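*Asks:*
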Amino acid sequence: MLSSYMENTPNTDFVYQLENLQQEITQLRESMYKIAKEKNSLCHPEVVEISQLLDQKLNLHARVSNRRSH
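Residue numbers (this note's numbering): 594 to 663.
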């Protein structure tokens, strides 16, 4: 997964992909908040599923950002 963001990626492509990843993170976060409010629960399976996906995207963002800055 990380390699698809990193290998042979010109800087403009990297920036574009990083921006897309940031948009995904924002959308997932907003969706998670909305569903948690609708279900009145942070433990609802839909909320947990989105939270786990959000964690994966945040971890990927951190790895990509750290690797690119070194």
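We put the beta carbon where it would ideally sit given N, CA and C, even for glycine.
Bear in mind the structure is a predicted one, so any value in this text is a computation, not a measurement.
So the candidates are 608, 620 and 607; which of them puts its Cα closest to the Cα of residue 650?
*Replies:* The residue given as residue 650 occupies position 57 in the sequence shown. When each option's Cα is compared against that of residue 650, the closest is 620.
*Asks:* Quick check: residue 625 and residue 611, are their CB atoms within less than 8 Å of each other?
*Replies:* As a first step, residue 625 must be located in the sequence shown, where it is residue number 32. As a first step, residue 611 must be located in the sequence shown, where it is residue number 18. Result no, Cβ atoms of residue 625 and residue 611 do not sit closer than 8 Å.
*Asks:* DSSP state of residue 654, grouped into three classes?
*Replies:* The count along the sequence shown starts at 1 and reaches residue 654 at position 61. Residue 654: helix per DSSP, three-state reduction.
*Asks:* I need the boundaries of the alpha helix (DSSP H) containing residue 613, first residue and last residue.
*Replies:* Residue numbering aside, residue 613 sits at position 20 when the sequence shown is read from its first letter. That run of the alpha helix (DSSP H) goes 604 to 632.
*Asks:* Can you tell which of 623, 607 and 633 has its C-alpha closest to the C-alpha of residue 644?
*Replies:* Along the sequence shown, one-based indexing puts residue 644 at 51. Per the Cα distances, 623.
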